[in-house]
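I have placed the structure first, in the form of structure tokens, so that the comments after it can refer back to it.
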Amino acid sequence: MFKGAFSIWGRDMLVLRRSIVSELVSVVAYPLTLYLAFGFGLKGYITAVNGVPYPLFIAPGLISMTAVNAAFDESSWSMWFHRRVQRTIEEYRVTPVTVYDIVIGKIFSGFSQGAVKGSVVFLVILALTPFRIDYTHLPSYLGCIALSSMTFSCLGTICGTVIDKPENIGRVQSVIIVPLIFMAGIFFPLSSYPSSILPLIELLPTTAVFEGARDALLTGAVPTHYLVNLVLSAAVSFAVAVYVFNRKMAE
Amino acid sequence: MSHAITLHEITKSYDGFTAVDRFSLEVARGTVFGLLGPNGAGKTTLIKILTTLMRPSLGDAFVEGHSVLTAGKEVRRLIGVVPQENNLDRYLTARENLTLHARLHGMRPASYNPRIDELLEMTGLASRGNDFPDTFSGGMQRRLVVARALVHEPRVLFLDEPTTGLDPQSRRALWDYIRGLRRKMTVFLTTHYMDEADALCDRIMIMDHGACLADGTAAHLKDAYSRAHTYQVEFKRDAERYEGVLAGLSFVKAVEREGAVFQITLADEESIKPLMDHLGGADIRRICLKEPSLEDVFIALTGEKVRE
Ligand SMILES: Nc1ncnc2c1ncn2[C@@H]1O[C@H](COP(=O)(O)OP(=O)(O)OP(=O)(O)O)[C@@H](O)[C@H]1O
Ligand SMILES: [Mg+2]
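Here it is as structure tokens:
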């Protein structure tokens, strides 16, 4: 069962291992820059958010952001590339593996990229800055990131499956993914929103991703409504990704 | 069941346009079957249907008795596929490309490693196993795709224009290999090279606009469809005068002239005797029957016009 998915995931991990150093340099640079620019640049202006020092307030979000971005990137571009450019998906499809093997293998590759890159950014922030956490909170934080990476990997897979033109994947990223991430309050507390739109913001899956992860890291517990949101988003996007891929392949 | 491949009234339409039209076919096990046709005839579409990449709009097809509609996985277990366009993984080495394929077929390293060595040897890529396909020439990439299709020892092999881009040496090497597979494997190939079909195929089908035009052995097709009574005549002198004479003969259907050499197409085989009577023997240097080629058959059936 799912041996094919495992082989396809294995292929992606082999390729990732080969380019890991250059991948990590580029993936660490962005959140680290944001951390230094906002965390230190603004420290003098924003001392604390709800009692949490500003650098500590943004760090969990930057780590989560790295993980979900990496998951989305890998899933969308890899699916598009293997489907449209290299046409390796066709090669997989004339072997006894099923379309479920293929889509599940690809989703887990995106998830793994997110996990690896998120962990590395976490370690780098830990090593280079005074950012410190209570390690008993780590499991619930990692659980949050895992669920979020899963959701974004599925969303990426959906984009890579239905979008044929590469520029449109770029558009989805800048028009949907980036705003969703920034609206979710990585850099500011949600209480900054007018109370009329706050309930809407709270429903966003990304809000659950970032607020949930921050709460997990700082307090060790994820508020129930965020946890429900995370699990539901992951489950729904997984089901949709599998369905969409299956449909596309039957064309 | 003695047929390796059966197509039953397969139709494939792409929103309104019919690429394959109620196509039926049975291919005997252990034979090499060649599908010929101009660009856009529907060859690749048929291969995509048979390899479960595409669902027919109507009809069903069977590979070794398994339906492509309801038993796709069983079909895919038995087939090897060389697509028209190379689809190698450029981030994997040649050997890793073959290894991944073997894994997707559920093979274990103990059985796939020796097999991959053998295939790399056969395709002349043994020393390039650890290189990436990007660094290969087009022909080497093509040979790697062929090797990949053979890793799991398929029972039915689909080759969509397998020798496009190969040099004559590699082409012949591949032909030899395919001939060697006959009887062990059923081979279904498409090609635009008439010599390839002639040399390789036990049975040839010519199709166009999604339907079959002719079907049989190369010899059978040449007999049945080419202008079998074309003679080549070379004159020692007076070519101009004979051109006039030929133009006046009712049983001469067509004359093509190149210097002193004439291609004369007669209405039927009996017309050779009156032709000799009119030409006389004295001025003829050489006369011979022109051997029909598969290309003549192909052009006669599908027309001279280039497809848009
Ligand atoms: N995805 C598609 N959408 C619409 N039409 C298509 C599609 N694929 C193929 N066709 C059409 O179907 C017809 C048959 O195409 P097919 O690729 O089977 O031809 P072919 O015989 O393999 O040609 P070639 O010798 O050029 O490879 C063509 O007219 C083509 O335009
Ligand atoms: Mg074709």
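Chains A and B are the protein sequences, given in the same order.
Following our numbering, the numbering of the first sequence begins with 1 at its first residue and continues without gaps.
Following our numbering, the numbering of the second sequence begins with 252 at its first residue and continues without gaps.
Even glycine gets a Cβ: it sits at the ideal position worked out from N, Cα and C.
Remember, predicted model here, so these are calculated numbers, not experimental data.
Beta-carbon proximity of residue i to residue j, cut-off 8 Å
i, j, result
"residue 301(B)", "residue 312(B)", "yes"
"residue 348(B)", "residue 395(B)", "yes"
"residue 307(B)", "residue 261(B)", "yes"
"residue 117(A)", "residue 157(A)", "no"
"residue 103(A)", "residue 15(A)", "no"
"residue 441(B)", "residue 412(B)", "yes"
"residue 176(A)", "residue 206(A)", "no"
"residue 209(A)", "residue 64(A)", "yes"
"residue 458(B)", "residue 286(B)", "yes"
"residue 327(B)", "residue 94(A)", "yes"
"residue 545(B)", "residue 448(B)", "yes"
"residue 234(A)", "residue 150(A)", "yes"
"residue 256(A)", "residue 114(A)", "There is no way to answer for residue 256(A), as the model of chain A reaches only from 1 to 251."
"residue 10(A)", "residue 80(A)", "no"
"residue 121(A)", "residue 28(A)", "yes"
"residue 323(B)", "residue 303(B)", "yes"
"residue 5(A)", "residue 108(A)", "yes"
"residue 382(B)", "residue 345(B)", "yes"
"residue 283(B)", "residue 406(B)", "no"
"residue 140(A)", "residue 222(A)", "yes"
"residue 384(B)", "residue 341(B)", "yes"
"residue 174(A)", "residue 68(A)", "no"
"residue 268(B)", "residue 462(B)", "no"
"residue 38(A)", "residue 187(A)", "yes"
"residue 439(B)", "residue 278(B)", "yes"
"residue 246(A)", "residue 99(A)", "yes"
"residue 88(A)", "residue 337(B)", "no"
Residues that DSSP places opposite residue i in a beta bridge
i, result
"residue 172(A)", "Note: residue 172(A) sits in no beta bridge, so no partner."
"residue 437(B)", "407(B)"
"residue 287(B)", "457(B)"
"residue 261(B)", "274(B)"
"residue 509(B)", "512(B)"
"residue 52(A)", "49(A)"
"residue 269(B)", "264(B)"
"residue 538(B)", "484(B)"
"residue 462(B)", "459(B)"
"residue 517(B)", "503(B)"
"residue 192(B)", "A question about residue 192(B) goes unanswered here, because the residues of chain B that appear run from 252 up to 559."
"residue 317(B)", "314(B)"
"residue 467(B)", "455(B)"
"residue 332(B)", "409(B)"
Residue span of the alpha helix (DSSP H) that contains residue i, given as start and end
i, result
"residue 102(A)", "99-128"
"residue 377(B)", "Counting along the chain, residue 377(B) falls outside any alpha helix (DSSP H), and DSSP gives it neither H nor E."
"residue 452(B)", "Unbroken run through residue 452(B): none, as it is neither H nor E."
"residue 327(B)", "323-329"
"residue 251(A)", "Counting along the chain, residue 251(A) falls outside any alpha helix (DSSP H), and DSSP gives it neither H nor E."
"residue 352(B)", "345-355"
"residue 529(B)", "523-530"
"residue 392(B)", "389-401"
"residue 150(A)", "138-162"
"residue 495(B)", "490-498"
"residue 26(A)", "20-34"
"residue 431(B)", "419-432"
"residue 545(B)", "545-553"
"residue 42(A)", "Premise fails: residue 42(A) is in no alpha helix (DSSP H) and is neither H nor E."
"residue 88(A)", "88-93"
"residue 180(A)", "178-183"
Unbroken beta strand (DSSP E) run spanning residue i, endpoints
i, result
"residue 411(B)", "407-411"
"residue 293(B)", "Where residue 293(B) is concerned, there is no enclosing beta strand (DSSP E), given that its DSSP letter is neither H nor E."
"residue 481(B)", "481-486"
"residue 217(A)", "Careful: residue 217(A) lies outside any beta strand (DSSP E), inside the alpha helix (DSSP H) at 205-219."
"residue 314(B)", "309-314"
Distance between beta carbons of residue j and residue i, contact taken as under 8 Å
i, j, result
"residue 97(A)", "residue 355(B)", "5 Å"
"residue 62(A)", "residue 35(A)", "6 Å"
"residue 500(B)", "residue 529(B)", "6 Å"
"residue 504(B)", "residue 518(B)", "5 Å"
"residue 351(B)", "residue 78(A)", "About 15 Å separates the two Cβ atoms, so there is no contact after all."
"residue 42(A)", "residue 133(A)", "Between residue 133(A) and residue 42(A) the Cβ distance is about 21 Å, and since that is not below 8 Å, they are no contact."
"residue 485(B)", "residue 512(B)", "5 Å"
"residue 213(A)", "residue 125(A)", "Contact flag wrong, Cβ pair sits at about 14 Å."
### Task
Check each residue's C-beta against every heavy atom of ligand 2 and list, in chain order, those closer than 7 Å.
294(B), 295(B), 335(B), 411(B), 412(B) and 441(B)
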